[in-house]
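Undergrad: For what it's worth, the numbering used here labels the leading residue of the sequence shown as -17, then goes sequentially. Even glycine gets a Cβ: it sits at the ideal position worked out from N, Cα and C.
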Amino acid sequence: MNTYKIILPALLIVAVAACSPSTQNAKEVVATDSATNQIDTALVTKISIPANLSVGTPIEMTFTVYNPTDSVKTFCKWHTPFEPLMSKYLDVTSAEGIEAAYKGPMAKRIMPPPTDSYLSIKPKDSLSVKVDLTKAYDIKAGNYTVKYNSAGISGLKLTDSVQFAIK
């Protein structure tokens, strides 16, 4: 009986070790994932939307990334308005706490992002893009808060939210 108590755990350890990826490969995956999801706190991201809008008009949001440093900085354009609509990168919530339905596409992608998925910003420069939220979200009359939710993919940190009203 004591022999089984020793042999059984040993066989289990051997089986688990044989089925798991090699240590070297596991380290490579972890390094790639952490490099992809690293947030560059040097870049400053801002969103703006006109405060008062009318039903049936475009809801034009401006998304700007500033580089206040003395060196070129890069970020992944995935899950940002810098690429065609491919994902739900914003939380649009009514004053009642109800999230506006996202009606755009949801792309599945392979990680890590390829080199052409990154944008560079020169020192002391910025990149801006405008997007119409009505193309991706079902927004009716009311008061709303918009918050960026994809820092883990793009590497852009944005903690502020913006409010607007549709009448």
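Looking only at its own chain, which residues have a Cβ that is under 6 Å from the Cβ of L115, when we skip the five neighbours before and after it?
TA: As a first step, residue 115 is located in the sequence shown; it is residue number 133 there, counting from the start. Hits under 6 Å: I41 and M43.
Undergrad: Starting from the C-beta of S16, find all residues in its chain whose C-beta is less than 8 Å away, skip the five residues before and the five after it, and write them out in chain order.
TA: For the purposes of this step, residue 16 is taken as the residue at position 34 of the sequence shown. The predicted position of S16 is uncertain, since its pLDDT is 31 and thus under 50; no value can be drawn from it.
Undergrad: Measure the C-alpha to C-alpha separation of T127 and T23 and round it to an integer number of angstroms.
TA: The residue you call residue 127 lines up with position 145 of the sequence shown. The residue you call residue 23 lines up with position 41 of the sequence shown. If you take the alpha carbons of T127 and T23, they lie about 23 Å apart.
Undergrad: Using CA atoms only, rank isn't needed, just tell me which of T51, K70 and S53 is closest to W60.
TA: Along the sequence shown, read from residue 1 onward, the residue named residue 60 stands at position 78. Minimum Cα distance to W60 is reached at K70.
Undergrad: Just tell me which of I103, T75 and E65 has its CA closest to the CA of M88.
TA: If you number the sequence shown from 1, residue 88 lands on position 106. Of I103, T75 and E65, the residue nearest in Cα terms is E65.
Undergrad: From what residue to what residue does the alpha helix (DSSP H) around I135 run?
TA: Your numbering for residue 135 matches position 153 in the sequence shown. Residues A133 to S136.
Undergrad: Can you look up D107 in the DSSP assignment and give me helix, strand or coil?
TA: In the sequence shown, counting from the first residue as 1, residue 107 sits at position 125. Residue state, collapsed to three classes: strand.
Undergrad: With 16 other CB atoms within 10 Å as the buried threshold, where does T14 fall?
TA: Your numbering for residue 14 matches position 32 in the sequence shown. Any reading at T14 needs caution, since the residue's pLDDT is 27, under 50, leaving its predicted position unreliable; the model's value is listed next. The residue in question, T14, is exposed, as its Cβ has fewer than 16 Cβ neighbours within 10 Å.
Undergrad: In the structure shown, what three-state DSSP assignment does E30 receive?
TA: On the sequence shown, position 48 is the one that residue 30 refers to. Note on identity: in this sequence residue 30 is Ser, with Glu being the wrong assignment. Note: S30 maps to strand in three-state DSSP.
Undergrad: Between the alpha carbons of M93 and I135, how many angstroms are there, rounded?
TA: Taking the first residue of the sequence shown as position 1, residue 93 is located at position 111. Taking the first residue of the sequence shown as position 1, residue 135 is located at position 153. Cα to Cα, the separation comes out at about 10 Å.
Undergrad: With distances taken from CA atoms, which of C58, A147 and N125 is nearest T97?
TA: As a position in the sequence shown, residue 97 is number 115, starting the count at 1. Nearest option by C-alpha distance: C58.
Undergrad: Give every residue of the same chain whose Cβ lies closer than 6 Å to the Cβ of S102, excluding the five residues on either side of it in the sequence, and list them in chain order.
TA: For the purposes of this step, residue 102 is identified with residue 120 of the sequence shown, where counting begins at 1. Contacts found: V54 and T56.
Undergrad: Does the separation of the CB atoms of Y119 and V74 fall below 7 Å?
TA: Numbered from its first residue, the sequence shown carries residue 119 at position 137. Numbered from its first residue, the sequence shown carries residue 74 at position 92. Yes.
Undergrad: Assuming the contact rule is C-beta atoms closer than 8 Å, T27 and L138 should be a hit. Round their C-beta distance to whole Å, please.
TA: To locate residue 27, count along the sequence shown from 1; it is residue 45. To locate residue 138, count along the sequence shown from 1; it is residue 156. Right, their Cβ atoms sit about 5 Å apart.
Undergrad: Which whole-angstrom value is the C-beta distance of A147 and L25, which I expect to be below 8 Å?
TA: By 1-based counting over the sequence shown, the position of residue 147 is 165. By 1-based counting over the sequence shown, the position of residue 25 is 43. A147 to L25, Cβ: 29 Å. No contact.
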